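Accompanying notes for the structure given below.
2 protein chains.
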Amino acid sequence: MNIQTSVDTAAALSLPQPYLLFLGDATESGFAKTAYGLRDWAPEKCVGEYALPTATVSTGLPVLTPAEAAAKGARSVLIGIANRGGVIAPDWIPSLVEALEAGLDIVSGMHARLAEIPELATAAERLGRQLIDVRHPPLGLPVGTGRKRSGKRLLTVGTDCALGKKYTALALASAFAERGVDVDFRASGQTGIMIAGGGIPMDAVVSDFEAGAAETLSPDADPDHWDIVEGQGSLLHPAYAAVSLGLLHGSQPDVLVVCHQPGREEMLGMTGYAVPGIEETIELNLKLGSRTNPAIRCAGISFNTSHLEEEEAHALMASESERLGLPVADPIRGGEAFARLVDNCLA
Amino acid sequence: MNIQTSVDTAAALSLPQPYLLFLGDATESGFAKTAYGLRDWAPEKCVGEYALPTATVSTGLPVLTPAEAAAKGARSVLIGIANRGGVIAPDWIPSLVEALEAGLDIVSGMHARLAEIPELATAAERLGRQLIDVRHPPLGLPVGTGRKRSGKRLLTVGTDCALGKKYTALALASAFAERGVDVDFRASGQTGIMIAGGGIPMDAVVSDFEAGAAETLSPDADPDHWDIVEGQGSLLHPAYAAVSLGLLHGSQPDVLVVCHQPGREEMLGMTGYAVPGIEETIELNLKLGSRTNPAIRCAGISFNTSHLEEEEAHALMASESERLGLPVADPIRGGEAFARLVDNCLA
Chain A
0 MNIQTSVDTA
10 AALSLPQPYL
20 LFLGDATESG
30 FAKTAYGLRD
40 WAPEKCVGEY
50 ALPTATVSTG
60 LPVLTPAEAA
70 AKGARSVLIG
80 IANRGGVIAP
90 DWIPSLVEAL
100 EAGLDIVSGM
110 HARLAEIPEL
120 ATAAERLGRQ
130 LIDVRHPPLG
140 LPVGTGRKRS
150 GKRLLTVGTD
160 CALGKKYTAL
170 ALASAFAERG
180 VDVDFRASGQ
190 TGIMIAGGGI
200 PMDAVVSDFE
210 AGAAETLSPD
220 ADPDHWDIVE
230 GQGSLLHPAY
240 AAVSLGLLHG
250 SQPDVLVVCH
260 QPGREEMLGM
270 TGYAVPGIEE
280 TIELNLKLGS
290 RTNPAIRCAG
300 ISFNTSHLEE
310 EEAHALMASE
320 SERLGLPVAD
330 PIRGGEAFAR
340 LVDNCLA
Chain B
0 MNIQTSVDTA
10 AALSLPQPYL
20 LFLGDATESG
30 FAKTAYGLRD
40 WAPEKCVGEY
50 ALPTATVSTG
60 LPVLTPAEAA
70 AKGARSVLIG
80 IANRGGVIAP
90 DWIPSLVEAL
100 EAGLDIVSGM
110 HARLAEIPEL
120 ATAAERLGRQ
130 LIDVRHPPLG
140 LPVGTGRKRS
150 GKRLLTVGTD
160 CALGKKYTAL
170 ALASAFAERG
180 VDVDFRASGQ
190 TGIMIAGGGI
200 PMDAVVSDFE
210 AGAAETLSPD
220 ADPDHWDIVE
230 GQGSLLHPAY
240 AAVSLGLLHG
250 SQPDVLVVCH
260 QPGREEMLGM
270 TGYAVPGIEE
280 TIELNLKLGS
290 RTNPAIRCAG
300 ISFNTSHLEE
310 EEAHALMASE
320 SERLGLPVAD
330 PIRGGEAFAR
340 LVDNCLA
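Residue numbers (numbering that gives the first Met the number 0), protein chains in the order written: chain A, 0 to 346; chain B, 0 to 346.
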């Protein structure tokens, strides 16, 4: 896999790579999902892992000290933990200071700002190192213009949050690249940004600049170039639809892929809010997306079938594909169904 | 007129009133539109005006020094100017420091933060005065929940920006109050916030919290109470739709009033973007608004006919009302058409 992930826009974040993955004192693999995402999607950007002696979780990558990682070319230590509250534990700080002293910058997706931790701020200042908070958007984002940009764009959209929009975008970018297409994955959330090495955390952008940020994220490009933009939220989500609509308008996608988890009936954490239907989601995204790109079309559906048996999943995707008249595939299962989805995206 | 404008929510801004209106060195009335809006919509909250000797613009209110205004009960000096760039001119600063020394706080809707001007920061600190930037949202806004709140809500929406959503909301709040309805005007933009004495600048809220901010703006209320929420932007605006959708979802309005300027063909500042039709705007707002309030309905249309002759305006509104099957009125012209619109809002 060789996803091109350059972010060549002035206002988008750009991260120092490759990374040393920091696992803190994690003893549950669920908390290390940022590190796993990096290992799975950007292994060439990860020189190794680094943890406290009390940690029991591992990515399977080489265990390195910050000095060893720096000697192998690492440019930053990346906090690979996503714990409750997004806090940086006091126990981690000596290890992070050691990384700064070894010549590494720190990349974090936690809520807490690195520079607000005095020991880190002081050490970074003294050593001339960067403290990069991926959750905080770059300054100077413009208001949207609606101007049509050159190049082609695909956006993954969803019936809900947290059902595979990032994974689908990465898998499509990888499949496009395998077919020799000139493609960039454009990250719009923190884990995606770490994988790509750049991007804009769209949910952290001030609303007035949401569409403008999305315009910045996928700039003018060669006519045959594709940007595959990681989607966020859902137009029908009662809390996060503003993020989804700004991203849709500003991305001005030529192609949509709708992401869905069959069997999920209620939106995550939204009591009383049913997950909308696939047809309704397609129709609404096409309707609203056509405002900035009248040629928008839906190329197919990405199903998250991780909770289903192989046979059941394939049968369901086949019948849904028949019903909707569109390719339906699970990128994790891949196979012919996914190849048909990729075909239709590029058609 | 007696608009109730209390903002009793913890996270919303609350401004010290009444105001002394500051006109700086304005020589063009266009730049003083914030002051005019205050004079027109909240005269009981304005004790007078105050300007540099070079200013030629006047609101017609009594000319007072800060000390005289304070003696008459003023609690803040309000910058009534909206110049290009939203900057606080160096020439104004001695006058603003004089206001602080007279016991007044400063309220500003400029882009520049008051506290970033050293002379103002120092004087405010020394005197224990507040520097209030209305464009900057309060801290601690929550993520939306989608929970249905008690009380009734009306939201003004639009086919574009800057065509009368604030004016319409104020006029409806005034008309509701005249009929004895328990009503609050809920401001979502800087001028509205100054008029109301509180509110949330929705376009300055981080996208992830946009719907949650709108939920905060119109909290639970008595079953017969109405909140009239000032709308922002347009769902079909290529730059600002994220603001509009978050406000629509979070306001969960029972009633919409669609604002439109007949004859405007292109969206303001958006070359190539036609102003959408009224029917399309109604349909899209009802469709998306029904997500958080399935009982949502459109009660009518507010026309901005300031560019038309009286007779032409009335003929157009009558024919559009016939065509759409809904009341169509210009709140500035008032009359029977506006009374019918108010009737239908309360029906």
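Ideal placement from N, C-alpha and C gives every residue a C-beta, glycine not left out.
As the structure is a prediction and not an experimental result, all values here were calculated from the model.
| query | result |
| --- | --- |
| Interface residues of the region 318-334 of chain B facing chain A [CB-CB below 7 Å] | none |
| Interface partners of Met201 (chain B) on chain A, CB under 8 Å | Ser206 |
| Cβ separation of Val359 (chain A) and Ala238 (chain B), assumed to be a contact under 8 Å, to the nearest whole Å | One cannot answer for residue 359 (chain A) here, as it falls past the ends of chain A, which runs 0 to 346. |
| Gly159 (chain B) in three-state terms, based on DSSP | It is Asp, not Gly, that sits at residue 159 (chain B) in the sequence shown. Here Asp159 (chain B) sits in coil by DSSP. |
| Local Cβ density within 10 Å of Lys147 (chain A), reported as buried at 16 or more and exposed below that | exposed |
| Residues that Glu209 (chain A) contacts on chain B, provided the C-beta gap is smaller than 7 Å | Ser206, Ala241 |
| Distance between Leu19 (chain B) and Gly102 (chain B) (C-alpha atoms, nearest Å) | 12 Å |
| Chain A contact for Tyr272 (chain B) (CB, 8 Å cutoff) | yes |
| Between the CA atoms of Glu118 (chain A) and Arg38 (chain B) - distance to the nearest angstrom | 52 Å |
| Cβ-Cβ distance between Asp24 (chain B) and Leu60 (chain B) below 8 Å | no |
| Run of the alpha helix (DSSP H) containing Ala314 (chain B), from where it starts to where it stops | 309-323 |
| Chain A within 8 Å of Gly245 (chain B), Cβ atoms only | yes |
| Exposure label - Gly145 (chain B); buried when at least 16 CB within 10 Å | buried |
| Rounded separation between Gly29 (chain B) and Tyr35 (chain B) - CA only | 9 Å |
| Pairwise C-alpha distance: Gly197 (chain A) and Leu169 (chain A) | 14 Å |
| Residue-level contact to chain B via CB, Val257 (chain A), 8 Å cutoff | no |
| Ser149 (chain A) versus Asp207 (chain B): straight-line alpha-carbon distance, rounded | 29 Å |
| Candidates B:His248, B:Leu171, B:Leu216, B:Thr190: closest to Asp329 (chain B) by CA position | B:Leu171 |
| Ala18 (chain A) in three-state terms, based on DSSP | Per the sequence presented here, residue 18 (chain A) reads as Tyr, with Ala not at that position. Residue state, collapsed to three classes: strand. |
| Under 9 Å (Cβ pairs) to chain B, residues found in the region 143-173 of chain A | Gly143, Thr144, Gly145, Arg146, Lys147 |
| For Ala298 (chain B), the first and last residue of its enclosing beta strand (DSSP E) | 296-302 |
| Residue span of the alpha helix (DSSP H) that contains Arg125 (chain B), given as start and end | 117-126 |
| Strand pairing of Tyr49 (chain B), partner residues [DSSP] | B:Phe21 |
| Between the CA atoms of Ala338 (chain B) and Ala174 (chain B) - distance to the nearest angstrom | 8 Å |
| Chain A contact for Pro15 (chain B) (CB, 8 Å cutoff) | no |
| Alpha-carbon to alpha-carbon, Ile295 (chain B) and Leu255 (chain B) | 7 Å |
| Straight-line Cα distance separating Asn292 (chain B) from Ala186 (chain B) | 21 Å |
| Check whether Arg128 (chain A) and Asp104 (chain A) have beta carbons under 8 Å apart | yes |
| Span of the beta strand (DSSP E) around His259 (chain B) | 254-259 |
| Proximity to Asp253 (chain B) [Cα-Cα], best of B:Leu99, B:Ala298, B:Thr58, B:Glu177 | B:Ala298 |
| Spatial distance of Leu14 (chain A) from Val106 (chain A) (CA atoms) | 8 Å |
| Spatially closest choice to Leu154 (chain B) from B:Ala98, B:Pro200, B:Asp223, B:Leu247, by CA coordinates | B:Leu247 |
| Spatial distance of Asp181 (chain B) from Ala220 (chain B) (CA atoms) | 10 Å |
| Cβ neighbours of Thr370 (chain A) in the same chain (closer than 6 Å, five flanking residues each side left out) | With chain A covering only 0 through 346, there is no way to say anything about residue 370 (chain A). |
| Between the CA atoms of Ile300 (chain B) and Pro200 (chain B) - distance to the nearest angstrom | 24 Å |
| Per-residue DSSP class, three states only, for Lys147 (chain A) | coil |
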